[in-house]
Amino acid sequence: MKERKAIESWLTDMDGVLVHEGEPVPGAPEFVNRMKQSGKPFLILTNNSIYTPRDLQARLYRMGFDVDENSIWTAALATAQFLADQRPGGTAYVIGEAGLTTAMHAAGYILTEFEPDYVVLGETRTYSFEAITKAIRLISAGSRFICTNPDATGPSNEGLLPAAGSVAAMISQATGVKPYFVGKPNPMMMRSALNAIGAHSESTAMIGDRMDTDVLCGLEAGLETILVLTGISSKLESETYPYRPSRIINSVADLIDEI
């Protein structure tokens, strides 16, 4: 196996890696502080498009993490950047919350229900039948279908909630049109994050807790991949996949001395 270059940049998932069930993973705040002190570029990634980076910064701060909002990269930001590159100054009908609408506005997009270039589906805790019906009619009329992420479900204090992937499947069933997913495991998410911090894939590591999104996404983008066992995927489960992470560790606390 070809020896990789030394790690000069870090990408890390948030849920299951830095935080778990609303609490910081032991050693995670110290890991983030060490990344900051090192001066090496890093980003905290999330497929969740509900919140703006500033919202997430505040949530992390309450859990003991002191990070700049510019160190947070969401599927909403990646989606807005992708659309701005594809069709600058375009129009979109958006189903989502502030994280997505703010990113779309910042990318120069006009949000409209009148013959939009795109229908953009993101996460929200209040999916409405009216909005979904509008999306179906616009896509049937020719608007292109984009979805921030393929996650079928999301967590809540009450249990699982339907997420963007489930709603996208319903719209696809009604229209016969499949969306383009921007978030993980699309390597587009990784490449947009690398571009945001001026990093190179050969010297960047992706830390995640899921084999089917974090590890797969990092692998396809050419990054070193590190699976932590503080979230979804177990060491035993990782052996069932046809691909493997570069390495498996217990938690990000094991990486503190490496940075």
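Take our numbering: the final residue in the sequence shown is number 1480, and no numbers are missing along the way. Backbone N, C-alpha and C define an ideal beta-carbon position, used for all residues, glycine too. The structure displayed is predicted, hence computed values, not measured ones.
Beta-carbon proximity list for residue i, same chain, < 7 Å, skipping 5 on both sides
{"i": "residue 1388", "result": "1342, 1348 and 1353"}
{"i": "residue 1462", "result": "1432"}
{"i": "residue 1311", "result": "1304, 1330, 1338 and 1339"}
{"i": "residue 1241", "result": "1451 and 1452"}
{"i": "residue 1440", "result": "1446 and 1464"}
Residue i vs residue j beta-carbon contact at 7 Å
{"i": "residue 1456", "j": "residue 1469", "result": "yes"}
{"i": "residue 1297", "j": "residue 1321", "result": "yes"}
{"i": "residue 1238", "j": "residue 1449", "result": "yes"}
{"i": "residue 1340", "j": "residue 1356", "result": "yes"}
{"i": "residue 1255", "j": "residue 1418", "result": "no"}
{"i": "residue 1451", "j": "residue 1467", "result": "no"}
{"i": "residue 1372", "j": "residue 1390", "result": "no"}
{"i": "residue 1317", "j": "residue 1393", "result": "no"}
Distance between beta carbons of residue j and residue i, contact taken as under 8 Å
{"i": "residue 1438", "j": "residue 1402", "result": "The Cβ separation is near 11 Å, so there is no contact."}
{"i": "residue 1435", "j": "residue 1289", "result": "Residue 1435 to residue 1289, Cβ: 22 Å. No contact."}
{"i": "residue 1513", "j": "residue 1303", "result": "Look at the range of the chain in this structure, 1222 to 1480, and you will see that residue 1513 is not part of it."}
{"i": "residue 1232", "j": "residue 1425", "result": "6 Å"}
{"i": "residue 1247", "j": "residue 1474", "result": "6 Å"}
Spatial neighbours of residue i in its chain, beta-carbon cut-off 8 Å, leaving aside the 5 residues before and after
{"i": "residue 1291", "result": "1274"}
{"i": "residue 1421", "result": "1229, 1230 and 1415"}
{"i": "residue 1362", "result": "1336"}
Nonlocal neighbours in the same chain, by C-beta distance under 6 Å from residue i, ignoring five residues either side
{"i": "residue 1286", "result": "1250 and 1253"}
{"i": "residue 1413", "result": "1299 and 1302"}
{"i": "residue 1226", "result": "1423 and 1424"}
{"i": "residue 1324", "result": "1297, 1298 and 1301"}
{"i": "residue 1346", "result": "none"}
{"i": "residue 1308", "result": "1338"}
Which ranges would you report for the alpha helix (DSSP H) in the region 1251 to 1290 if only whole runs of at least 4 residues count? Entirely contained in the region 1251 to 1290, the alpha helix (DSSP H) runs reaching 4 residues are, in chain order, 1274 to 1283.
Mind listing, in chain order, the continuous beta strand (DSSP E) runs of no fewer than 3 residues lying wholly within the region 1285 to 1366? As for any beta strand (DSSP E) of minimum length 3 sitting wholly inside the region 1285 to 1366, the runs are 1293 to 1295, 1312 to 1316 and 1339 to 1342, ordered along the chain.
For the region 1429 to 1456, which segments carrying the alpha helix (DSSP H) assignment without a break, of at least 4 residues, lie completely within its bounds, in sequence order? Correct list: 1437 to 1441.
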